[in-house]
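Numbering (the numbering used here), first residue to last: 1028 to 1271. Even for Gly, the Cβ is constructed at its ideal location relative to N, Cα and C. Here the structure comes first, spelled out in structure tokens, and everything after it is commentary.
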């Protein structure tokens, strides 16, 4: 499975500048005492959001495109499992959700991380499969700090007065829980990119991008998600080679 790791991902772990844009409530090594297995649940969705911001609101454009073939949730979950296998303080495994009605859970107010009921359901499932901790990754809606972004991932471009910036973006929240107490040990909101160098052109719809461009956007979005998530895992002290 290691061959599927995002290229350059481990390099990101050593880059302090890459941590910009992360709002964190970290964990200590002592918080992890007694944890021997971790379950992972990811809800990033399967929709690509293209957002183009112009000089005025009349120049703003956007479209959404379903990309279930990217299998983003499974991809991110598998990457976390692989990273924990290579560098983690304990092994990780995907949360077994076959017996859960996820669509119904996701419809509940505040789901996932702002709903005690939904978190409680996931913790109960983690406990049933023998996990001591639960890591949840959930797409985050727009905020005051990032009002134009949609929850999940996609492409953002800003054009004003002849200057254009753009980047593949990911906006999500990640939280770590103890299964025995239900305590949230750590949490982090991954702020999307703001002023990165322009890499992708603006087009009116998803099908106007070539197969090569679509593949490049997929790779860029997955790299963005995993880069920020790996830094969060580092802040959560999940890596055995990180200082306490």
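query	result
Return the first residue and the last residue of the alpha helix (DSSP H) that residue 1243 is part of.	1238-1262
Is residue 1234 a contact residue of the ligand ADP, with contact defined as CB to any heavy atom under 8 Å?	Because no ligand of any kind appears in the structure shown, any question about the ligand ADP cannot be addressed here.
Less than 9 Å between the beta carbons of residue 1249 and residue 1103, yes or no?	yes
Please go through the same chain and pick out, in chain order, the residues whose beta-carbon is closer than 7 Å to the beta-carbon of residue 1054, but skip the five residues on each side of it.	1203, 1212, 1213, 1263, 1264
Among all the DSSP beta bridges, which residues are the ones paired with residue 1077?	1090, 1182
Would you kindly work out how many angstroms separate the C-alpha atoms of residue 1064 and residue 1120, rounded to a whole number?	8 Å
Suppose the cutoff is 7 Å on Cβ atoms and the five residues either side in sequence are ignored; what does the same chain contact list for residue 1144 look like?	1135
Do you know how far the Cα of residue 1161 is from the Cα of residue 1049?	Its pLDDT being 44, under 50, residue 1049 is placed unreliably in this model, and the coordinates cannot settle the point.
Give me the Cα-Cα distance between residue 1100 and residue 1073, rounded to the nearest whole angstrom.	8 Å
With the cut-off set at 9 Å, would you say residue 1177 and residue 1091 are in Cβ contact?	yes
Where does residue 1175 sit, in a helix, a strand or coil, going by DSSP?	coil
State buried or exposed for residue 1084, treating a residue as buried only when at least 16 other CB atoms are found within 10 Å of its CB.	exposed
Identify whether residue 1166 lies in helix, strand or coil by the three-state DSSP scheme.	strand
If you reduce the DSSP assignment to three classes, tell me which class residue 1063 lands in.	coil
To the nearest angstrom, how far is the alpha carbon of residue 1226 from that of residue 1244?	10 Å
State the CB to CB distance for the pair residue 1107 and residue 1153, rounded to an integer number of angstroms; the pair is presumed to be in contact (CB under 8 Å).	Rounded, the Cβ-Cβ distance is 14 Å, inconsistent with contact.
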